[in-house]
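Under UniProt numbering, the first residue of the sequence shown is numbered 1, with each subsequent residue one higher.
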Amino acid sequence: MVSKAMTRPEDEIVPWLPTPIRSRLKAFRETEDFKNRSRQNSINKRTGPKAGTVHAAGSISAEQTARKMVIRDNKIPTAAELFEQIHTRKKGNEKVLCDKRTKFVWDEYQRLKLNASHSGVEVNDDALFLQAAGGVNSKGLVYGLGNQTQAYYERVGPSTQSSSSTPIAYAPSMYAQIVSHLQKSEEQLNATREELTRTKEEVKQTKDVIARIESRFGSSSS
């Protein structure tokens, strides 16, 4: 997904990733912090525990599922969208969650999202899902996201814990925040384009009306 975009020639356009954002992501991926996380992510891919997690993607990894969603939707999925894609299956004409735990997480996410919308305060969607999923576990994974956890969340605060029972704080990663901001900007741009199109059409219609009036006025005076 992003890794493939980073390997493309700099003059090649990536439709879903504008050049300025691509440059920032490329610079971020060169930092030692990102490289360390990448190495840990590689370990997680090989050892990523599936115990207690039922999903409908078969042998397809979360990363592969996310990549397919990007191709299908032409945008990077949120953590919740990826979770839903991985853990739902078709039952007749309906989509159902795979087990009780995934249903609990999904219902909790929907509840938090509804509360946030009623409060009128804008909240990062990935942050809501992180809370619904119970945070990041001791192995650095979010339930239901597997090896894609680090694509959405990063550790915040000290890297050491005072005790084994002290939770490590995580928040939406810089990458996830950039993507979220990018997608919101794209939505605003599309809305502006639609408004501009409507305005142009209204101007055209007004000009047509004026032209007809002038034509009639000219005909009656001659």
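Quick reminder that beta carbons are idealized off the backbone N, C-alpha and C, glycines included.
Please classify residue i: does DSSP put it in a helix, a strand, or coil?
i: arginine 89; result: strand
i: glutamate 202; result: helix
i: threonine 19; result: helix
i: valine 123; result: coil
i: tyrosine 143; result: coil
i: lysine 75; result: coil
i: residue 226; result: No statement about residue 226 is possible, as the shown extent of the chain runs from 1 to 222 and does not include it.
i: glutamate 94; result: strand
By alpha-carbon positions, which one of the options ends up nearest to residue i?
i: leucine 82; options: Glu32, Ser138, Val142; result: Val142
i: glutamate 84; options: Cys98, Lys75, Lys91, Ile76; result: Cys98
i: serine 38; options: Glu195, Asn74, Tyr153; result: Tyr153
i: alanine 66; options: Glu32, Phe104, Ala151; result: Ala151
i: residue 233; options: Glu32, Ile13, Ala133, Asn74; result: Look at the range of the chain in this structure, 1 to 222, and you will see that residue 233 is not part of it.
i: alanine 127; options: Gly120, Asn137, Lys139, Leu112; result: Leu112
Please report the Cβ distance between residue i and residue j, rounded to the nearest whole angstrom; I am assuming they are in contact, meaning their Cβ atoms lie under 8 Å.
i: threonine 78; j: aspartate 107; result: No, threonine 78 and aspartate 107 are not in contact; Cβ-Cβ is about 17 Å, not under 8 Å.
i: lysine 95; j: threonine 102; result: That pair is no contact at about 12 Å.
i: alanine 116; j: valine 105; result: Rounded, the Cβ-Cβ distance is 16 Å, inconsistent with contact.
Near residue i, what residues of its chain come up, given a Cβ to Cβ distance below 8 Å and the 5 sequence neighbours on each side ignored?
i: alanine 62; result: Leu82, Ile86, Leu145, Gly146, Asn147, Gln148
i: arginine 72; result: none
Excluding the 5 residues flanking residue i on each side, which residues of the same chain have their C-beta closer than 6 Å to its C-beta?
i: residue 310; result: Residue 310 is absent from the model: the chain starts at 1 and stops at 222.
i: glutamate 195; result: none
i: arginine 212; result: none
Can you check whether the C-beta of residue i is within less than 8 Å of a C-beta belonging to chain D?
i: arginine 216; result: Absent here is chain D; the protein component of the structure consists of one chain.
Excluding the 5 residues flanking residue i on each side, which residues of the same chain have their C-beta closer than 7 Å to its C-beta?
i: alanine 57; result: Legend: pLDDT at alanine 57 = 49, less than 50; position of this residue unreliable, value from coordinates given subsequently. For alanine 57, where only same-chain residues beyond five positions count, the Cβ hits under 7 Å are Thr65, Ile86.
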